[in-house]
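Residue numbers (our numbering), protein chains in the order written: chain C, 4 to 330; chain W, 4 to 330.
The C-beta atom is built at its ideal place from N, Cα and C for all residues, glycine as well.
Note sheet for the following structure.
Number of protein chains: 2
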Amino acid sequence: MTPDPLTDLSARVVAGDVRAIARAISLVEDDGPAGRDLIRAIYPRTGRAFLVGITGAPGTGKSTLVDRLIAEIRSSGLKVGVIAVDPTSPFSGGAVLGDRVRMNAHAGDTGVFIRSMATRGHLGGLARATSDAALVLDAAGCDIVIIETVGVGQDEVDIVSAADISIVLLVPGAGDDLQAIKAGVMEIGDIFVVNKADREGADRVVQGVASNLSLKAYDASEWKPPIVKTEATTGAGVDTLWKDVGRFREWAATHRPEHRRQRYRARLRDVLATSFLQHVDRVLPAGEFDRLVEAVSERTRDPYSVVQDLMNRMLHPESRIPDHERR
Amino acid sequence: MTPDPLTDLSARVVAGDVRAIARAISLVEDDGPAGRDLIRAIYPRTGRAFLVGITGAPGTGKSTLVDRLIAEIRSSGLKVGVIAVDPTSPFSGGAVLGDRVRMNAHAGDTGVFIRSMATRGHLGGLARATSDAALVLDAAGCDIVIIETVGVGQDEVDIVSAADISIVLLVPGAGDDLQAIKAGVMEIGDIFVVNKADREGADRVVQGVASNLSLKAYDASEWKPPIVKTEATTGAGVDTLWKDVGRFREWAATHRPEHRRQRYRARLRDVLATSFLQHVDRVLPAGEFDRLVEAVSERTRDPYSVVQDLMNRMLHPESRIPDHERR
């Protein structure tokens with residue numbers, strides 16, 4: 004008896020088969036029933052990996068730093084997976100090439116798996132796709148899963164919030180340092196890294212972060228984010244960074260046991276909302292949603308009353324009264 | 004007979020009463036039933052304003068440029084409203100102060116209304132709150148509504164996508180210009196502005212944008228984003244920028260009639276998803292969602308099967324079978 008393809012694939016993922024992992028991540032990227040079934044199959048084998056989120060603007064040397072981190076992690080014998088969320092664009096297309104270069108750097112090391120995910124074409128589901136890809140790497144036996152993203156917008160905050168620790172990368176000479184620091188990144192950093200620390204202005208960035216952190220009063224039980232100087236090109240400081248990640252992990256285990264649960268909660272709500280919209284698309288008569296959009300566009304209906312009607316129809320399908328008799 | 008408070012408020016908004024507008028925007032920020040009722044009441048009076056979205060990293064001189072634009076718009080007699088989406092943080096708190104300074108610059112001009120909205124505490128609903136605030140300004144008779152945001156993340160893309168035109172602000176000397184340009188902003192710009200054009204490197208930024216744009220083949224019917232050099236501190240170039248906005252508006256009216264409808268569609272889906280989650284919270288027995296989150300966290304359930312069960316229970320409430328008998 005041959006096993007069904009899904010059982011076979013999930014067994015091969017759990018066994019750490021690189022091609023199966025790549026195939027599985029493609030499935031969850033597609034966001035179809037096969038990807039969801041795969042997650043259901045592997046889910047009991049997940050929950051062991053420690054998720055490390057790293058975000059920083061373009062040009063901060065993120066990829067180089069992650070490569071150094073991989074070497075550091077591998078030196079202690081741990082298996083590591085990397086999900087690089089790359090904003091590919093019709094104008095660039097650098098993701099695939101960069102991926103190949105990095106794969107080569109760790110070629111032959113079966114303890115490293117690197118995968119790029121595009122930020123486009125996911126219609127807001129990128130955080131979900133990233134989380135599911137991390138589950139695949141988790142099930143495949145990765146001890147550490149690194150999720151790297153570009154930029155510090157809400158999407159990046161969402162993705163990095165799905166990790167156990169968030170590392171924010173800064174760099175000297177990137178314009179108005181202090182303003183950039185103020186603009187929303189202070190809240191998400193568990194560790195701040197000032198990379199390219201040999202450059203002029205590195206100490207000013209460190210001081211900027213430090214003085215911003217000093218505005219908040221940390222009591223003894225709270226985690227005060229350390230600021231680590233690194234030079235990714237030489238590897239200087241990367242060992243310190245990795246030790247700080249370990250310190251944070253120990254701290255979080257005792258002081259922040261609720262953190263993972265909050266993430267699972269956010270995730271469930273996200274999947275639930277998406278499911279409902281898919282259901283609406285399935286059960287509404289063809290063309291009806293378009294007509295409602297048209298009515299809102301033409302101001303003959305307002306969006307909130309349309310939503311109220313749709314909710315009534317979805318939740319009480321037995322009393323499906325034609326829309327125009329209802330009001 | 005005194006009118007009910009909501010009818011009174013919406014009438015005063017439509018009459019352009021500044022205090023009523025401020026009160027109405029606060030209501031839609033709160034995201035309660037009162038805000039939704041207000042939008043329903045004013046909705047038939049909306050749809051006239053042209054929405055201008057402006058995004059740029061911190062330090063690009065966005066506020067100064069918007070102030071110049073306001074002056075330019077006012078010189079042609081149009082009424083203008085501004086929604087400044089400011090990432091306030093426990094570390095900064097500059098939004099309110101900046102707001103007051105800007106209000107003073109246009110003090111006494113009843114044709115200008117400026118309002119800041121914080122990016123925090125909106126739990127993903129910022130794009131909704133911004134859209135509703137724009138509807139208030141629209142109903143109040145603003146001919147132009149400017150929505151300015153900081154950064155180029157997904158949240159900013161969502162907010163700026165709710166506008167009729169998207170302007171991307173760049174500035175010389177902000178680190179690796181070309182990389183920043185590649186990282187997702189090329190797609191959303193209908194016009195690119197290189198501000199602080201008197202600075203060294205301005206032409207390099209212009210060339211960088213131009214060479215990126217040249218990678219895409221624009222046919223005659225397509226809009227090829229112009230690149231405008233400005234000096235917001237002196238006002239140089241702002242008249243050219245405003246003329247390009249006008250050119251785009253004319254082009255979009257004939258070449259992109261579907262654009263607004265697509266925005267209304269995205270908006271409806273967003274409101275619908277939020278409504279459903281609120282319904283789930285209302286009807287689930289107390290503590291049940293927490294127990295499901297716990298089960299997912301403990302790996303005794305997987306997220307996709309939990310969502311499937313919840314969907315079944317919400318959509319077929321008559322057949323509410325206890326969860327454990329269902330599987």
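Kindly identify the DSSP beta-bridge partner or partners of residue i.
i: W:K232; result: W:V197
i: C:L54; result: C:V148
i: W:A87; result: W:S119 and W:E151
May I ask which residues mark the beginning and end of the beta strand (DSSP E) holding residue i?
i: W:V153; result: I147 to V153
i: W:T49; result: Counting along the chain, W:T49 falls outside any beta strand (DSSP E), and DSSP gives it neither H nor E.
Going by beta carbon distance, what residues of the same chain come within less than 7 Å of residue i, once the five residues before and after it are set aside?
i: W:I42; result: V31, D135 and L138
i: W:D40; result: L9
i: C:H262; result: A255
i: C:T67; result: A235 and T236
i: C:V283; result: L313 and M317
i: W:G114; result: R77, K82 and V83
i: C:G240; result: A200, V231, K232, T233 and E234
Once DSSP output is grouped into helix, strand and coil, what is the label at residue i?
i: W:S119; result: strand
i: W:I191; result: coil
i: C:A130; result: helix
i: W:G59; result: strand
i: C:E203; result: coil
i: W:K65; result: helix
i: W:D161; result: helix
i: W:S79; result: coil
i: C:A143; result: coil
i: W:P306; result: helix
i: C:P288; result: coil
i: C:H282; result: helix
i: C:D331; result: Missing from the structure shown is residue 331 of chain C; chain C here goes from 4 to 330 and no further.
i: W:A166; result: coil
i: W:D1; result: Outside the shown range of chain W, which is 4 to 330, sits residue 1 of chain W, and nothing can be said about it.
i: W:D112; result: coil
From which residue to which residue does the alpha helix (DSSP H) around residue i run?
i: W:V174; result: No alpha helix (DSSP H) contains W:V174, which DSSP labels as neither H nor E.
i: W:G38; result: P36 to I45
i: W:E291; result: E291 to S300
i: C:D11; result: P8 to V17
i: W:D33; result: V21 to D33
For residue i, which residues in the same chain have their Cβ closer than 6 Å to its Cβ, ignoring the five residues on either side in sequence?
i: W:S217; result: none
i: C:I28; result: R118, A136 and V139
i: C:S95; result: Residue placement at C:S95 cannot be trusted, given a pLDDT of 34 that sits under 50; what the coordinates show is reported in the next sentence. Correct list: empty, nothing qualifies.
i: C:R302; result: none
Sorry if obvious, but does the Cβ on residue i come closer than 7 Å to a heavy atom of the ligand COA?
i: W:V115; result: The ligand COA is absent from the structure shown, which contains no ligand whatsoever.
Would you please verify whether the beta carbon of residue i is less than 8 Å from any beta carbon of chain B?
i: W:D167; result: This model lacks chain B altogether, as its protein chains are C and W.
Who are the near neighbours of residue i in its chain, counting only those whose CB is closer than 8 Å to its CB and skipping five residues on each side?
i: C:H319; result: none
i: C:C145; result: A52, K82, V83, G84 and F116
i: W:V69; result: I57, V85, A87, I149 and E151
i: C:G128; result: D34 and T277
i: W:F251; result: I168, D193, I194 and W226
Legend entry - Residue ranges of each beta strand (DSSP E) within the region 211-280 of chain C, 3 or longer: Whole beta strand (DSSP E) segments, 3+ residues: 230-232.
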